[in-house]
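For reference, the structure is listed below as structure tokens.
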Amino acid sequence: MPASPLPSSLDLENLPDADVVALAQQGREPAFRELVRRYERPVFSLIYRMVRDRELAEDLAQDTFIKVLNHIERYRPEFKFSSWLFKIANNVAIDQMRRRTVSTVSMDGSPHAVSAAEAEASSFDVAARQETALDEIESRELGSAIEVAIARLRPEYRACIMLRHVEGRSYEEIAATLDLPLGTVKTYIHRARNELRAALEPLRKD
Amino acid sequence: MDHRHLLPSEFDLLLDGDVGFGLTPVKAHIRQCEHCRAELEAQQQVVALLDDLPDLAPAPQFADRVMAQVHVFVPWHVTARDSLRQLVPRSQPARVFAGVGALLAAFVVSLGAMALLVRVDVVLFTLGLALERGQGAAVALVGDAVSSLFGEPALRALATGGPTRVLLASLVFLFSLGAAALLLRRLAVLSSRRQS
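Chains as they are written, first to last, in this note's numbering: chain P, 1 to 206; chain H, 1001 to 1196.
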């Protein structure tokens, strides 16, 4: 039988994450590609539903993978690879959201405005802006009411509810991924479900 | 449990599909209480909507863009192992033949090592002789190099100056060599930056 140091791509698909990561740690490029193939959708979905901007979400998902894969030797097999990946994805998204909040222009207009008219011209209405953003989400791929309701949740609720229901993670995994106490995760998910339920209530009655 | 409606945590247990004896009275209450049943159905509907949310796909070139910025690092032990693997023949007969050859070679080398150990005095004498001749040859080579580079007076000055002067001259030479190497590297970096 010929010596085969690397499983074929078909074999890679059948290997558990830990084995694929071990191959990546040996510098096998197909193993890196397999990890990207497995997690590009979940990571992109999580980040997209956090930042609600496709282009930005792609950039952040790319940053997440680059961070993880360039430091693959730091991965410790006692943890799940996906938990490590989602933790970094969530941190990258939260950092971006914080930066965006800090760099947001004042609602009262530009601080560089020299006259009242200029300040008024550069000001904007929060409600109108949120509606526009949500309308845009609704009209594009986040078309359903549930997606709009998720977009209105607090970011920490959003991350928990995504990991729980879209990625099917257990409460313990979510707690480990987001560095939160287990009780807090349960509370966030409970509150998120209640908020979603309240948001969808009018549709249910229709 | 019949005297009160379910607590939020009890609804969560049902929504998360928990099983166990503790849930039997909760499930019994749901069967009897219309209010709690309606509440559970509403929450189950939300959970079903969440569970059906699709994973969204990034652009088709996403993986290529990621891989373009990933530094695939092959550790030295993997490189060494791969190099060794490449030496192993692919066909079964060739591998058997190579194995037998390797065993024979190992046997011959072991015999040679044992013979050398038995005659260790001869080995030491031969090594000493080789070392002495090598030292003489190296001194002659360095002398030739110094006289051809700096002339006969430099060689005479080194020979009569003692170890301090030799050490000093060696340090100056090494320093000049290092400075020249750094200068060349700097020039190469500047040139490549200009090109890019």
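Positions of the beta carbon are idealized from the N, C-alpha and C atoms, including for glycine.
Excluding the 5 residues preceding and the 5 following V1026(H) in the sequence, name in chain order all residues of the same chain whose CB lies nearer than 6 Å to its CB. E1010
Taking CB distances under 9 Å as the criterion, tell me whether R1065(H) reaches chain P. yes
Would P1075(H) be called buried (16 or more neighbouring beta carbons within 10 Å of its own) or exposed? exposed
Does the segment 1087-1095 of chain H come close enough to the segment 83-90 of chain P to have 3 or more Cβ pairs within less than 8 Å? no
For P1075(H) and chain P, any beta-carbon pair shorter than 9 Å? yes
Backbone CA spacing between K80(P) and T1079(H) [nearest angstrom]: 27 Å
Just tell me which of A93(P), A159(P), L163(P) and P77(P) has its CA closest to the CA of Q25(P). P77(P)
Can you tell me the Cα-Cα spacing of F32(P) and A1102(H), whole angstroms? 37 Å
Is H1071(H) close to chain P? Criterion is C-beta to C-beta, closer than 9 Å. yes
Between which two residues does the alpha helix (DSSP H) holding C1036(H) run? E1034 to D1051
Are any of the Cβ atoms in chain H nearer than 9 Å to that of Q96(P)? no
Is the number of C-beta pairs between the segment 1101-1117 of chain H and the segment 47-56 of chain P that are closer than 8 Å three or more? no
Quick one: is Y48(P) near chain H, going by C-beta distance under 9 Å? yes
With the cut-off set at 9 Å, would you say A199(P) and R152(P) are in Cβ contact? yes
What number of angstroms, rounded off, separates the C-alpha of G27(P) from the C-alpha of V1070(H)? 11 Å
Which residues in the same chain have their Cβ closer than 6 Å to the Cβ of A1137(H), if we skip the five residues on either side of it in sequence? none
Can you give me the C-alpha to C-alpha distance between Q1188(H) and V1123(H), rounded to a whole angstrom? The displayed chain sequence assigns Ala, not Gln, to residue 1188(H). Taking the straight line from one Cα to the other gives about 49 Å.
Helix, strand or coil at F1097(H) according to DSSP, with G and I counted as helix: helix
Report yes if the CB atom of E167(P) is closer than 9 Å to the CB atom of Y188(P), and no otherwise. no
Can you look up R1193(H) in the DSSP assignment and give me helix, strand or coil? helix
Can you give me the Cβ contacts of L196(P) inside the same chain, cut-off strictly under 8 Å, excluding the 5 residues immediately before and after it? I146, A149, I150, L153 and I161
Flag V1047(H) as yes if its beta-carbon sits less than 9 Å from any beta-carbon of chain P, otherwise no. yes
Roughly how many angstroms lie between the CA atoms of V1142(H) and L1155(H), to the nearest whole one? 10 Å
For a contact meaning CB atoms closer than 8 Å, what does V20(P) contact in chain H? Near V20(P) there are no residues of chain H at all, since even the closest Cβ is about 14 Å away, more than 8 Å.
So with Cβ pairs under 9 Å, would you call A1057(H) a contact of chain A? This model lacks chain A altogether, as its protein chains are P and H.
Do you know how far the Cα of R1119(H) is from the Cα of G1128(H)? 15 Å
Is there a Cβ from chain P that is less than 9 Å from the Cβ of F1175(H)? no
Just to confirm, is the Cβ distance from F1015(H) to L1040(H) under 9 Å? In the sequence as presented, Phe is not what sits at residue 1015(H); that position holds Leu. Cβ atoms of L1015(H) and L1040(H): closer than 9 Å.
Chain H residues whose Cβ lies nearer than 8 Å to that of R33(P): A1063 and M1067
Can you have a look at E1152(H) and say buried or exposed, based on whether 16 or more other CB atoms are within 10 angstroms of its CB? exposed
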